[in-house]
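Everything in the sequence shown is counted per the numbering used here, starting at 427 for the first residue and increasing by one. Note that CB positions come from ideal geometry on N, CA and C, so glycine has one too. What follows is one structure encoded as structure tokens, with my remarks underneath.
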Amino acid sequence: MEPVSLFDLAAKQAQWLAVRQSAIAGNIANANTPGYTANDVEPFEKVLDRTAVSLQATQAGHLGNAATNAGFTVKPQEDDGVVMPSKNSVVLEDQLMKAGEVRRSFELNTAIVKAFHSMMMMAVKT
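See the structure below:
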């Protein structure tokens, strides 16, 4: 049986969420560091846009191109005009809101995978 692409997509999103949570945690840890610039990860939609869908080759020489792997880049956060006197661009309230978004996204991701897994198990058992 071929791997279900929903599981691959959920795994990729979980990896992206882990990288984003790490970037947010680094921002919070450096909230008092003079001159620190807050970081964030590019939106997951852009990662999906760069991910090509691969087709199944049924014969040798059929469909010679392979799918590309999308990476996650941590980049300086877009300047929203808020800079502390110490030239630090971390706003704790924004970072805590982003951390909450990541937590909710992890929970949604897990719930969808769990439901899909249950559905697959019911289909296999019958």
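Hey, how far is the Cα of residue i from the Cα of residue j?
{"i": "G526", "j": "K513", "result": "26 Å"}
{"i": "S544", "j": "Q439", "result": "20 Å"}
{"i": "E519", "j": "I450", "result": "11 Å"}
{"i": "P469", "j": "S448", "result": "15 Å"}
{"i": "D466", "j": "K551", "result": "43 Å"}
{"i": "V539", "j": "A444", "result": "17 Å"}
{"i": "M510", "j": "A464", "result": "12 Å"}
{"i": "T494", "j": "K524", "result": "Low local confidence applies: a pLDDT of 36 at T494 is under 50, so the model's placement there is unreliable, with the coordinate-based value given in what follows. When rounded, the distance between both Cα atoms is 29 Å."}
With 16 other CB atoms within 10 Å as the buried threshold, where does residue i fall?
{"i": "N453", "result": "buried"}
{"i": "V528", "result": "buried"}
{"i": "Q441", "result": "exposed"}
{"i": "R446", "result": "buried"}
Say whether chain C places a C-beta atom closer than 9 Å to the C-beta of residue i.
{"i": "M547", "result": "Note that chain C does not occur in the displayed structure, where there is just one protein chain."}
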